[in-house]
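Asks: Start counting at 1 in the sequence shown, then tack on 271, and there's your number in this note's numbering. Glycine is no exception: its CB is placed at the ideal position from the N, C-alpha and C atoms. Sharing a structure below in structure tokens format, with a few things to ask.
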Amino acid sequence: MKFMQTEKKQLLIYVIIAYGITYVMGLLMWYGYGKGLDLSAFPNAQMLYPAAGVMMAYLITKKGDKNLPTAFFIFFVALTAVLVVCTAASVLAPKNIDLMGTMFSQWGLILECIMIGGSVIFWLLLLASGNEKCRVYGLNSGHWNISVLMILLFIGLYLLRFLIASAFRGRLSEFGKIIANPATWSMFFTVLMNFFISVVAFFGEEYGWRYYLQPLLQKKFGMKGGVILLGCVWAVWHLPIDFFYYTTPDMGLTALASQFVTCISLGLFMAYTYMKTQNIWVPIIIHFLNNNMVVVFSGTYSADVLQNQQIHWGDIPVALVINLLLFGWVIFLKSFKEKKE
Numbered sequence: 272m273k274f275m276q277t278e279k280k281q282l283l284i285y286v287i288i289a290y291g292i293t294y295v296m297g298l299l300m301w302y303g304y305g306k307g308l309d310l311s312a313f314p315n316a317q318m319l320y321p322a323a324g325v326m327m328a329y330l331i332t333k334k335g336d337k338n339l340p341t342a343f344f345i346f347f348v349a350l351t352a353v354l355v356v357c358t359a360a361s362v363l364a365p366k367n368i369d370l371m372g373t374m375f376s377q378w379g380l381i382l383e384c385i386m387i388g389g390s391v392i393f394w395l396l397l398l399a400s401g402n403e404k405c406r407v408y409g410l411n412s413g414h415w416n417i418s419v420l421m422i423l424l425f426i427g428l429y430l431l432r433f434l435i436a437s438a439f440r441g442r443l444s445e446f447g448k449i450i451a452n453p454a455t456w457s458m459f460f461t462v463l464m465n466f467f468i469s470v471v472a473f474f475g476e477e478y479g480w481r482y483y484l485q486p487l488l489q490k491k492f493g494m495k496g497g498v499i500l501l502g503c504v505w506a507v508w509h510l511p512i513d514f515f516y517y518t519t520p521d522m523g524l525t526a527l528a529s530q531f532v533t534c535i536s537l538g539l540f541m542a543y544t545y546m547k548t549q550n551i552w553v554p555i556i557i558h559f560l561n562n563n564m565v566v567v568f569s570g571t572y573s574a575d576v577l578q579n580q581q582i583h584w585g586d587i588p589v590a591l592v593i594n595l596l597l598f599g600w601v602i603f604l605k606s607f608k609e610k611k612e
């Protein structure tokens, strides 16, 4: 099935913003890495680019649509632009400040405040948009009975993956101690509360991937093929942070291969939850949990666990099997069956 002319224009705008900005900023990451600078601002800012791409495409091609949540979209695009500028400044004009004898990046503090403030305004403008505009542009929520079950299923599968991985590494007793530690669950519920003040990042990815690009690719490449291709597209999008944040450049290709495993398998599961519920907030919450539960159940209780990871080629086959068994099985369910014309 061919894309319509308007769809092509929207897709071009989306790609320019979601990928173009990502890779231009990737060059700044390369520069900052060489200077030994703090690059923690880049992953958070990058998460907003996909949704900003969708919104800019709609603002340009659907100007006359009375149901377009214009104020909400303009704010999100503006917020993304501010984050891009501040993130670039964090490596082009870096400066640390001393707080109580500890050095902090001034840009890190500024960006954190922008993300929190942006999330508050995000909720206010979303509510002000009204039910009809939210419904037309996939911002509404619903089907919460099945939606909650999908979220709980993900949490169960995620913990099972942690359990299996710990067993493979001979750290089963260590994992048991983490689960039995009251501090783990205290941290877990604290992290859940953080969703509301960090929502712009996770919305930024899922509104771009699941709401916009998934149906478009499924329309062109089929229910299964479109989602698998989306997983590949999503993995490649991570390339700059794979090389300069999650790992080091010498492990960048290994990290990218691992990203393919994660994005395809987890992408299948998230695609299923979205098709099953038609509630974009389900993959948004799942994405939030996926990124934050590792901080809790690794036992570190610190986001630093995400940076400079050690990923080896020997880890990939095991990760592939585990992830496909736990998350990829959904591809055989009814939701992925091709629809008759």
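1. Whose C-alpha, out of F425, F343, A590 and F492, is nearest the C-alpha of K608?
2. Kindly indicate the opening and closing residues of the alpha helix (DSSP H) around L308.
3. Going along the chain, which residues of its own chain have a beta-carbon closer than 8 Å to the beta-carbon of R481, five neighbours each way excluded?
4. How about the stretch 307-314 and the stretch 353-362: do they share at least three Cβ pairs that are nearer than 8 Å?
5. Starting from the Cα of V471, find the closest Cα among I287, F343, S606 and G335 and give me that residue.
6. Is the beta carbon of P321 sitting closer than 7 Å to the one on G479?
7. R432 lies in the alpha helix (DSSP H); which residues open and close that run?
8. Counting only the same chain and skipping the five closest in sequence on each side, list residues whose C-beta sits under 6 Å from that of L330.
9. Around the Cβ of S418, are there at least 16 other Cβ atoms within 10 angstroms (buried) or fewer (exposed)?
10. Apply the 10 Å Cβ neighbour rule to E477 and answer buried if 16 or more other Cβ atoms are within range, or exposed otherwise.
11. Given a threshold of 16 other Cβ atoms within 10 Å of its Cβ, counted over all protein chains shown, does I287 qualify as buried or as exposed?
12. Taking N416 as the reference, give the member of L591, I587, F568 and K547 with the closest Cα.
13. Can you give the Cα-Cα distance for K337 and L382, rounded to whole angstroms?
14. So, at 6 Å on beta carbons, what are the nonlocal neighbours of H509 in its own chain, with the 5 sequence-adjacent residues on each side left out?
15. Can F393 and T358 be called in contact, C-beta distance under 7 Å?
16. Is the stretch 522-536 in contact with the stretch 591-606, if contact means three or more CB pairs nearer than 8 Å?
17. Helix, strand or coil, according to DSSP, for Y408 in the structure here?
18. Once the 5 residues before and after S390 are set aside, which same chain residues still bring their CB inside 8 Å of it?
19. Could you tell me whether the Cβ atoms of A526 and T518 are closer together than 7 Å?
20. Alpha carbons only, please: which of A528, P520, D586 and Y516 is nearest the one belonging to V504?
21. Whole angstroms is fine: what's the gap from L396's alpha carbon to N465's?
22. If we call anything under 7 Å between Cβ atoms a contact, is L591 one with V532?
23. Quick one: which unbroken alpha helix (DSSP H) runs of 4-plus residues sit fully inside the stretch 489-537? Chain order, please.
24. Does DSSP put G585 in a helix, in a strand, or in coil?
25. Ordered along the chain, which non-local residues of its own chain (more than five positions away) have a Cβ less than 7 Å from that of L500?
26. Which first and last residues belong to the alpha helix (DSSP H) in which G401 is found?
27. Give the straight-line distance between the Cα atoms of V462 and M275, rounded to the nearest whole angstrom.
28. Of the choices M494, M326 and R406, whose alpha-carbon is the least far from that of F603?
29. Buried or exposed for A438, going by 16 or more other Cβ atoms inside 10 Å?
30. According to the Cβ coordinates, are G502 and F514 closer than 7 Å?
31. Compute the Euclidean distance between the alpha carbons of W456 and I449, then round it to the nearest angstrom.
32. CB G297 to CB P520, shorter than 7 Å?
33. Name the two residues that bound the continuous alpha helix (DSSP H) containing W456.
Replies: So, from the data block:
1. Ranked by Cα distance from K608, the first of F425, F343, A590 and F492 is F492.
2. Membership of L308 in any alpha helix (DSSP H) is not indicated, and neither H nor E is assigned to it by DSSP.
3. These residues qualify, in order along the chain: M541, A542, Y545, I551 and P554.
4. As far as the Cβ criterion goes, the stretch 307-314 touches the stretch 353-362, which means the pair count is three or higher.
5. The residue from I287, F343, S606 and G335 with its alpha-carbon nearest to that of V471 is F343.
6. Yes, the Cβ-Cβ distance between P321 and G479 is below 7 Å.
7. Run containing R432: W415 to F439, per the alpha helix (DSSP H) assignment.
8. Closer than 6 Å at Cβ, skipping near neighbours: F344.
9. The residue is buried, with at least 16 neighbouring Cβ atoms inside 10 Å.
10. Classification of E477: buried, given that the 10 Å Cβ count is 16 or more.
11. Classification for I287: exposed.
12. Distances from the alpha-carbon of N416 to those of L591, I587, F568 and K547 put K547 closest.
13. Their Cα atoms are separated by approximately 33 Å.
14. If we look at H509 and ignore the five residues flanking it on each side, its Cβ neighbours are Q530.
15. Result no, Cβ atoms of F393 and T358 do not sit closer than 7 Å.
16. Touching, yes, given that three or more Cβ pairs across the two stretches are closer than 8 Å.
17. Correct three-state label for Y408: coil.
18. Annotation for S390: F467, I468, S469, V470 and V471 place their beta carbon closer than 8 Å to its own, counting only its chain and skipping 5 residues before and after.
19. At a Cβ-Cβ threshold of 7 Å, A526 and T518 count as neighbours.
20. That would be A528, whose Cα lies nearest to the Cα of V504.
21. So the alpha carbons of these two residues sit roughly 19 Å apart.
22. For L591 and V532, yes; Cβs fall inside 7 Å.
23. Fully enclosed alpha helix (DSSP H) runs of 4 or longer: 494-508.
24. Reduced to three states, the DSSP call for G585 is coil.
25. So the qualifying residues of the chain are L488 and F492.
26. Run containing G401: none; DSSP gives neither H nor E here.
27. The alpha-carbon atoms of V462 and M275 are separated by roughly 42 Å.
28. Among M494, M326 and R406, the Cα nearest to that of F603 belongs to M494.
29. Its Cβ having fewer than 16 others within 10 Å, A438 is exposed.
30. At least 7 Å separates the beta-carbon of G502 from that of F514.
31. So the alpha carbons of these two residues sit roughly 9 Å apart.
32. No, they are not a contact pair.
33. Run containing W456: P453 to M464, per the alpha helix (DSSP H) assignment.
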